[in-house]
Structures are given as structure tokens and as C-alpha cells.
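Numbers 1411 to 1700, taken from the numbering used here, label the letters of the sequence shown in order. C-beta atoms are modelled at their ideal positions from N, C-alpha and C, and glycine is treated no differently. Please read the structure below before turning to the comments.
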Amino acid sequence: MEVLRPSSLREALQMRAAHPEALPIAGGTDVMVELNFGRRRPETILDVSRLPELQVIRREGGTIFLGAGVPYTWIMRELPDQVALAQASRTVGSPQIRNRGTVGGNLGTASPAGDALPVLAAYEAEVLLASVTGTRRLSWRDFLRGPKRNALAPDELIVGVEWNVPQGPGSFSKIGTRNAMVIAIASVCLQVDETTRGLRVALGSVGPTILRAPEAEAFGAGVLDEAGAWADPRATVPQDAVMRFGELTAAAARPIDDVRGTAAYRRHGCAVLASRALTWALADRRAVAG
Ligand SMILES: Cc1cc2nc3c(=O)[nH]c(=O)nc-3n(C[C@H](O)[C@H](O)[C@H](O)COP(=O)(O)OP(=O)(O)OC[C@H]3O[C@@H](n4cnc5c(N)ncnc54)[C@H](O)[C@@H]3O)c2cc1C
């Protein structure tokens, strides 16, 4: 097996163009599992773990650019204000996996269980791709095409993701068979957008790819409106509306039965996680209002 080790993005893209069959490797926490289990045996590997252009976090105006090669440990340290993303990063694997694993790798694998992905969906993030012929910017939705399928062309690399910093509380939570080192059976990210008075809800592990829950989003925003809670976070939102928000979130799921859980359990999990997430968001808004 040949391993190509570029030291700049430009060099990496040239190598990618010359060897479109080469498998990129960043932290290797997905790729090495595939190699070790004999599921893949690429003749050439392109090591993108040393590209300085992929190892940056940039805040510009109201946006954040997160380089594809930034590991979860850095995200937890450098982006604590992006609460949902920091929470998702903290749930990935173990400290060793979080030190190596990257959001670029999560996007590359495009598993519906990738923990960073519901957060990127709730942030309305765009994925930045590059090749020797230029760059492309795709919405998370256009990039994630299906189970373990994405829109990356054979001559492209993922450079990073970018999103407008949301104003408002957000959270990520998942259920699994234990509290740590676990693939999600269901996950929910809720992001409040105070600017548009909207809610964004994204689901992981309960469909062929990451899903949004538009009905729940509209219902939840309407409930806050009726309660006067957008203007006054101390206003009471009825508990039955919080539960209904959970049910509508669950209705957006398209789960299957598999070794990790049944479809019914996954739907139930979505409902519980979403109602909890809304309860936390309302409490966070009240706390900020004082
Ligand atoms: C023990 C263990 C526990 C885990 N737990 C979790 C978990 O809790 N949650 C979770 O979401 N994941 C988990 N994972 C999976 C994995 O850690 C994540 O998906 C991680 O984000 C992968 O990042 P990486 O940098 O290691 O990717 P790699 O393994 O290096 O690459 C993954 C894929 O992305 C492609 N790729 C990587 N970077 C680029 C790039 N810049 N451009 C183009 N393609 C690229 C690769 O070709 C490959 O197809 C776990 C893995 C292990 C081994």
C-alpha cells in the first residue's frame, strides 16, 4: 500500500487529481476500522492529517469556519459557545477517538449515526470542497446524499464547514446502550434561532441520513409565539405543548429495526430527547432573561 503525505492543501489536491482512487485519511478512526476488518484494501492512501489549511477555526463577522481536520478535542476547547457542537463532540467515542477524529471524517463517512452531523444540519452549515479546478460550497443537505453516501467527487477534498453563528440556546443529546463510547440509537439537536424566532430540529440515527423535523419546528415556534415567550422568555409554555413537540419530532423520524434498536424504540427516543431539549432551551432562555 502506498501512502501519500502532502504537506499543503495545494499539494494534496494535486495528488488527489493524480490518484482519484486514493482513500483520504484524516484521524483514521473510521478508515483504520475498515482496513482492520478487511472491508477495504485501497492501494493508495492520501494522508490529509498534516494540512495546515484544514486545521483552523476562523470566526469572521457572524460566521465560523471549522477546518475539516480539526479534532473533536479542539472543538470542545475552542468552541464552547457553540454548545450543541461542543456537546456532540464530547459524546464521540473516547478521549483517544476525540483526539484523532474530525468533523471532516464524520462528513466523509456520512453515517446517519455521525454525531456532528445533526448539529451541522441544525446550524444550516455549508460544506466547503476543493479540487485543483476550484472550490464548491454545498448545503449539508446537498452534501449528505444517503446512508454512507455523500456528494464528494473523486478529485475533491473536504476543506471544512461554515455556518452563521446562531443566536439562542442549543443542545445535542443521544441515546445508546450505555453513557459513553456508544453509537447513537437516536440523537436530536435542537437549536433556537432568536433572530428569526424559529426552532431547528435535526435527527440522527433514525433514517437513511440526517433528517430535519419541519412540522415540529413550526409547531414549537408557534407555541412560543402563542405563549408570548419569544418576547418574554419567562412566559410559561404549556407542558402538553412540549410533549406534542416531542411527538411531532418523532413523527419526522424514518427509523428501521436493526441490531442496535427497534424502529419503535428509536421513535420513542426521539420524542423524549426532543421534549427534553425544548425544556432545556426554555430554561436557558429564562436564565438569560434573569
Ligand atoms: C471506538 C470508536 C468509537 C467511535 N465513536 C463515535 C461516536 O460516538 N460518534 C461518532 O459520530 N463517530 C464515532 N466513531 C467514528 C469516527 O470516530 C468518526 O466518524 C470521526 O469523525 C471520523 O473522523 P476521522 O478524522 O478519524 O476520519 P477518517 O477515518 O480519517 O476518515 C473517515 C472518512 O472520511 C474521509 N475523509 C476524511 N477526511 C477527509 C477530507 N478532508 N476530505 C475528503 N474525505 C475525507 C475518509 O476518506 C473516510 O472515508 C467512533 C469510532 C471508533 C473507532
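- Taking the Cα of Pro1505 as reference, the smallest distance to any Cα among Pro1490, Ile1485, Ile1666 is reached at Ile1485.
- In the DSSP assignment, the residues bridged to Asn1574 are Thr1473.
- Remark: C-beta atoms of Gly1617 and Ala1663 approach each other more closely than 8 Å.
- For Pro1528, the uninterrupted alpha helix (DSSP H) segment begins and ends at 1526–1532.
- A buried status is given to Ile1620, since no fewer than 16 other beta-carbon atoms sit within 10 Å of its beta-carbon.
- For Asn1589, the three-state secondary structure derived from DSSP is coil.
- With a threshold of 7 Å, the Cβ atom of Ala1596 does not count as near ligand 1, since no heavy atom of the ligand is closer than that.
- For Asp1635, the enclosing alpha helix (DSSP H) has its first and last residue at 1624–1637.
- The criterion of a C-beta distance shorter than 8 Å is satisfied by Pro1416 and Leu1461.
- Straight through space, the alpha carbons of Ser1459 and Arg1510 are spaced by roughly 9 Å.
- For Leu1683, the CB contacts under 6 Å within the same chain, skipping 5 residues up- and downstream, are Ser1583, Val1598 in chain order.
- In the DSSP assignment, Arg1696 falls within the alpha helix (DSSP H) that extends over 1673–1699.
- Each residue's CA atom was taken as its position, placing Gly1479 and Asp1650 some 43 Å apart.
- Each residue's CA atom was taken as its position, placing Arg1547 and Gly1679 some 33 Å apart.
- Less than 8 Å separates the beta-carbon of Gly1614 from that of Gly1524.
- Within the same chain, Cβ atoms closer than 7 Å to the Cβ of Gln1497 are found at Ser1581, Phe1582, the five residues on either side in sequence being excluded.
- Within the model, the alpha-carbon separation for Arg1696 versus Trp1640 is close to 11 Å.
- Cβ neighbours of Glu1625 within its own chain (closer than 8 Å, five residues either side excluded): Leu1658, Ala1661, Ala1662.
- For ligand 1, a non-hydrogen atom lies closer than 7 Å to the CB of Pro1434.
- Cβ-Cβ distances below 6 Å link Ala1594 to Ala1523, Lys1584, Gly1586, Gly1614, Ser1615 in the same chain, with the five nearest sequence neighbours on each side left out; the list follows chain order.
- Look at Met1591: its beta carbon is less than 7 Å from one of the heavy atoms in ligand 1.
- Per DSSP, the unbroken beta strand (DSSP E) holding Ala1596 starts and ends at 1596–1603.
- Within 7 Å of the C-beta of Ile1485 there is not a single heavy atom belonging to ligand 1.
- Nearest in C-alpha terms to Arg1588, of all of Tyr1482, Val1502, Leu1530, Leu1433, is Val1502.
- Cβ contact annotation for Arg1607 (same chain, cutoff 8 Å, sequence separation greater than five): Ala1631, Leu1634, Asp1635, Trp1640, in chain order.
- Between Asp1603 and Gln1577, the C-beta spacing is below 8 Å.
- Taking the CA atoms as reference points, Val1441 sits about 7 Å from Ile1435.
- DSSP places Thr1483 within a helical segment (H, G or I) once states are collapsed to three.
- Per DSSP, reduced to three states, the secondary structure at Arg1555 is strand.
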